[in-house]
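Data first, discussion second: the structure below is written as structure tokens.
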Amino acid sequence: MNPAFALGIVLYLCVTALVASILAIRARDLVKAVAFSAMQSVAYAIIYALLLAPDILFVYVAVGVGIYPILMLYAISKTKRFEEVSEG
Amino acid sequence: MVSVAYVIYVASFITLACTAAVGVYGVLAKRNIIKKIIALTIVGDTANTFAILLGFRVSANVMPPVLPSLNPSKELLTRFAGAAVDPVPQALVITAIVINLAITAFLLFLAVRIYSLYGTLDYGKVIRVRRGELDGEG
């Protein structure tokens, strides 16, 4: 494969991860923030596949898209879903 | 001579640095504790991807760090050493992912305990309840 082509897809996925991170930080709804964080994890998993690290791809898909959101949704279900607007 | 692939490679590094900066901003500036933990996972994943990208080799005939045969000949080994990506960051990152997972699980447990003790996830409110300025709800 042409290295410029593969690295171009990597750059595109890096920008996707950046946008997803900004949306995850800005979201008031914590469930939305977890979903955007999982989207960023999917982008990073495809980056690992393109950078020829298939073993990390298998671990990271299970951890980043499976276990992180499950743990966080469990914690959110035990606490509050919406971030409160604080006055300082 | 600077090729197009090398420019894209450096641009990917800069984008990852921006993502790490967004994560650090989230850890420092957000008041909700679970939001802080989400930002922390973003920082950790970005650092892992940074290491993997550092071990990549920008060339046309790049191959994964796995030997294609069990009894390699000498010329196959020479070609492999000249074309395979660096396996050391990959070995380190696969450890770091699992350690990040354990740390995140522990921090989420602490967040649930803080909520049940103080009745809020807001960092500033937890401090004020501890000082006795505010009545705890829990």
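Each protein sequence line maps, in turn, to chains A and B.
Going from the first sequence to the numbering used here is simple: count from 1 and add 1419.
Going from the second sequence to the numbering used here is simple: count from 1 and add 1.
Backbone N, C-alpha and C define an ideal beta-carbon position, used for all residues, glycine too.
Residue i and residue j: beta carbons closer than 8 Å?
i, j, result
"residue 94 (chain B)", "residue 33 (chain B)", "no"
"residue 122 (chain B)", "residue 1499 (chain A)", "yes"
"residue 91 (chain B)", "residue 45 (chain B)", "no"
"residue 1462 (chain A)", "residue 1488 (chain A)", "no"
"residue 21 (chain B)", "residue 42 (chain B)", "no"
"residue 1430 (chain A)", "residue 13 (chain B)", "yes"
"residue 17 (chain B)", "residue 54 (chain B)", "yes"
"residue 6 (chain B)", "residue 1426 (chain A)", "yes"
"residue 1483 (chain A)", "residue 1452 (chain A)", "no"
Measuring only the C-alpha atoms, how far is residue i from residue j?
i, j, result
"residue 1486 (chain A)", "residue 1433 (chain A)", "22 Å"
"residue 1507 (chain A)", "residue 132 (chain B)", "Note that residue 1507 (chain A) has pLDDT 46, beneath the 50 cutoff, so the model's placement of it is unreliable and the number below is only indicative. In a straight line, the C-alpha of residue 1507 (chain A) is about 16 Å away from that of residue 132 (chain B)."
"residue 1423 (chain A)", "residue 1495 (chain A)", "42 Å"
"residue 111 (chain B)", "residue 1472 (chain A)", "33 Å"
"residue 1439 (chain A)", "residue 1459 (chain A)", "6 Å"
"residue 86 (chain B)", "residue 78 (chain B)", "14 Å"
"residue 62 (chain B)", "residue 1478 (chain A)", "26 Å"
"residue 67 (chain B)", "residue 117 (chain B)", "49 Å"
"residue 1493 (chain A)", "residue 113 (chain B)", "10 Å"
"residue 69 (chain B)", "residue 107 (chain B)", "40 Å"
"residue 27 (chain B)", "residue 1443 (chain A)", "9 Å"
"residue 8 (chain B)", "residue 58 (chain B)", "13 Å"
"residue 139 (chain B)", "residue 120 (chain B)", "Its pLDDT being 46, under 50, residue 139 (chain B) is placed unreliably by the model, and the measurement read from it follows with that caveat. Going by the C-alpha atoms only, they are around 5 Å apart."
"residue 1470 (chain A)", "residue 1447 (chain A)", "34 Å"
"residue 1501 (chain A)", "residue 134 (chain B)", "24 Å"
"residue 98 (chain B)", "residue 19 (chain B)", "21 Å"
"residue 1437 (chain A)", "residue 24 (chain B)", "10 Å"
"residue 96 (chain B)", "residue 103 (chain B)", "11 Å"
"residue 38 (chain B)", "residue 1490 (chain A)", "11 Å"
"residue 35 (chain B)", "residue 1455 (chain A)", "14 Å"
"residue 81 (chain B)", "residue 1497 (chain A)", "51 Å"
"residue 129 (chain B)", "residue 10 (chain B)", "47 Å"
"residue 4 (chain B)", "residue 1428 (chain A)", "16 Å"
"residue 127 (chain B)", "residue 100 (chain B)", "28 Å"
"residue 1474 (chain A)", "residue 29 (chain B)", "33 Å"
Name the chain B residues that come within less than 9 Å of residue i, Cβ to Cβ?
i, result
"residue 1488 (chain A)", "Within 9 Å Cβ-Cβ: nothing; residue 1488 (chain A) doesn't reach chain B, min ~10 Å."
"residue 1451 (chain A)", "None at all; the shortest Cβ gap to chain B is about 11 Å."
"residue 1465 (chain A)", "The premise fails here: residue 1465 (chain A) is roughly 11 Å from chain B at the closest Cβ pair, so nothing lies under 9 Å."
Give the residues of chain A in contact with residue i, contact being defined as C-beta atoms less than 8 Å apart.
i, result
"residue 83 (chain B)", "Residues of chain A passing the Cβ test: none, with the nearest at roughly 15 Å."
"residue 13 (chain B)", "1426, 1429, 1430, 1433"
"residue 72 (chain B)", "Residues of chain A passing the Cβ test: none, with the nearest at roughly 23 Å."
Who does residue i pair with in a DSSP beta bridge?
i, result
"residue 1448 (chain A)", "A:1501"
"residue 33 (chain B)", "B:123"
So residue i contacts chain A; which residues on that side make the cut at Cβ distance below 7 Å?
i, result
"residue 57 (chain B)", "1470"
"residue 142 (chain B)", "The question about residue 142 (chain B) has no answer here: the residues shown for chain B are numbered 2 through 139."
"residue 103 (chain B)", "In chain order: nothing, as chain A lies at least about 11 Å away."
"residue 24 (chain B)", "1440"
"residue 16 (chain B)", "1430, 1433, 1434, 1437"
Applying a beta-carbon distance threshold of less than 9 Å, which residues of chain A neighbour residue i?
i, result
"residue 36 (chain B)", "1443, 1444, 1446, 1449, 1452, 1502"
List, in chain order, every chain B residue whose beta-carbon is nearer than 7 Å to that of residue i.
i, result
"residue 1478 (chain A)", "95, 98"
Which ranges does the alpha helix (DSSP H) cover as unbroken runs of at least 4 residues, wholly within the segment 47-88 of chain B, from first to last along the chain?
-> The qualifying runs are 75-84.
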